[in-house]
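Number of protein chains: 2
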Amino acid sequence: MSAQSQLLEARRLAQLLLSATELSKEIFAEIAREVGVPVQVARALCLIEGPTSMSELASKFTCDKSYITPLADQMEEMGLLERVPGVDRRKKLLELTPLGLTAQTQLEAQIALRSPVMVSLTPTERETLEQLLAKLS
Amino acid sequence: MSAQSQLLEARRLAQLLLSATELSKEIFAEIAREVGVPVQVARALCLIEGPTSMSELASKFTCDKSYITPLADQMEEMGLLERVPGVDRRKKLLELTPLGLTAQTQLEAQIALRSPVMVSLTPTERETLEQLLAKLS
DNA sequence: TATTGTTATACTCTATAACTATA
DNA sequence: TATAGTTATAGAGTATAACAATA
Chain E
1 MSAQSQLLEA
11 RRLAQLLLSA
21 TELSKEIFAE
31 IAREVGVPVQ
41 VARALCLIEG
51 PTSMSELASK
61 FTCDKSYITP
71 LADQMEEMGL
81 LERVPGVDRR
91 KKLLELTPLG
101 LTAQTQLEAQ
111 IALRSPVMVS
121 LTPTERETLE
131 QLLAKLS
Chain D
138 MSAQSQLLEA
148 RRLAQLLLSA
158 TELSKEIFAE
168 IAREVGVPVQ
178 VARALCLIEG
188 PTSMSELASK
198 FTCDKSYITP
208 LADQMEEMGL
218 LERVPGVDRR
228 KKLLELTPLG
238 LTAQTQLEAQ
248 IALRSPVMVS
258 LTPTERETLE
268 QLLAKLS
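Chains E and D, in that order, are what the protein sequence lines are. So for the first sequence, this note's numbering puts the first residue at 1; every next one is plus one. So for the second sequence, this note's numbering puts the first residue at 138; every next one is plus one.
Shown next as structure tokens:
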């Protein structure tokens with residue numbers, strides 16, 4: 001294959017990957033809007049399962065812990081979670097309230113139904129895609 | 138399939154898509170660094186083929202035209218391009234200098250060689266991936 | 001009146017560094 | 001001394017709105 005056609009192929013695939021990722025993000029943002037929470041709050045709701053310390057959430061978010069403080073503040077103000085002191089009293093455990101759990105359930109149901117991969121691909125195609133994407137990392 | 142396992146599958150695939158996109162971006166950033174240009178300059182270099190008006194570049198970049206002005210300034214200062222007045226004298230055409238063309242060629246050669254999709258997948262796998270990703274949009 | 005490019009400004013997302021309170 | 005969370009601040013990337021020149 002010529003260098004030129006390799007370049008074109010590399011670009012096409014990079015562009016398709018980017019578009020697919022952006023579409024996923026758009027659908028996620030749309031679902032978050034419908035559930036009535038900001039996108040980052042929705043992301044946090046999807047990552048909190050059981051009492052989660054703030055550093056733990058930062059690690060799942062792949063962000064610095066300083067980013068979690070105002071996010072947790074916001075979620076607390078919205079009544080979605082509470083900060084509960086941990087056994088190690090330096091730690092604060094984030095625990096979803098009933099309201100938070102409801103929002104989480106709504107988000108997850110919509111994601112399972114409306115993710116572009118779920119909507120546009122058959123189970124076999126999804127499996128193939130998963131294997132190919134896994135090879136990339 | 139249960140709602141729960143659909144959720145897990147949707148999440149796994151979304152995560153894989155995101156990771157693949159981020160890996161692509163990292164490799165691109167690495168190549169830009171090696172060629173000695175900021176990432177956005179590298180992106181612009183890949184998008185300019187022949188005289189390109191600033192609005193045209195904004196549209197390829199999918200950004201506002203106000204973002205292109207300082208980017209073009211920077212590229213002009215680096216000696217990578219020149220602003221040439223168009224026939225329609227409201228327009229300024231961006232034209233790569235010999236230095237800009239050299240940088241573009243270097244970038245493109247490395248992208249063709251080192252894109253994660255080119256490195257990790259066989260031609261057949263790339264074709265399958267391309268078809269699956271195209272189905273998503 | 002509509003379009004091109006410019007300018008000034010502001011917003012979103014996120015990180016760094018310094019701080020406090022525990023351990 | 002090291003870790004968890006907080007605070008203040010700063011940076012990257014990008015958009016909005018008002019503007020000047022040209023169509």
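For glycine and all other residues, C-beta sits at the position ideal for the given N, C-alpha and C.
Would residue i count as contacting chain E if we go by Cβ distances under 8 Å?
i      : result
D/L230 : no
D/L270 : yes
D/A147 : yes
Identify which residue in the options has its Cα closest to the Cα of residue i.
i      : options                        : result
D/C183 : E/P116, E/K135, E/Q15, E/T62   : E/Q15
D/I185 : D/S274, D/T239, D/A157, D/E167 : D/T239
E/V84  : E/E76, E/E9, E/L93             : E/L93
D/G285 : D/L160, D/M191, D/L217         : Any question about residue 285 of chain D goes unanswered here, given that chain D covers just 138 to 274.
D/S257 : E/T128, E/P116, E/A134, E/L121 : E/A134
E/L57  : E/E26, E/K91, E/V37            : E/K91
E/A42  : E/A109, E/L13, E/L17           : E/A109
D/L269 : E/I31, E/L17, E/G79            : E/L17
D/L236 : D/E267, D/E163, D/T158, D/G173 : D/G173
D/M138 : E/A44, E/S137, E/T122, E/F61   : E/T122
D/E146 : E/A112, E/L71, E/L136          : E/A112
Could you have a look at residue i and say whether DSSP puts it in helix, strand or coil?
i      : result
D/K197 : helix
E/T52  : strand
E/M37  : Rather than Met, the amino acid found at residue 37 of chain E in this sequence is Val. Looking at E/V37 - three-state DSSP - the assignment turns out to be coil, as it is neither helix nor strand.
D/L217 : coil
E/T25  : Strictly speaking, residue 25 of chain E in this sequence is Lys, with Thr absent from that position. Correct three-state label for E/K25: helix.
E/K65  : helix
D/K272 : helix
D/L233 : strand
Chain E partners of residue i, CB-CB under 9 Å?
i      : result
D/S274 : L16, S19, A20, L23, P116, S120
Using a C-beta cutoff of 8 Å, does residue i count as contacting chain D?
i      : result
E/Q6   : yes
E/I68  : no
E/L129 : yes
E/A44  : no
E/A72  : no
For residue i, go through chain E and note every residue whose CB falls closer than 8 Å to its CB, in chain order.
i      : result
D/R263 : E9, L13
D/A140 : A109, A112
Determine which residues of the segment 24-40 of chain E have a Cβ less than 7 Å from any Cβ of chain D, and write them out in chain order.
S24
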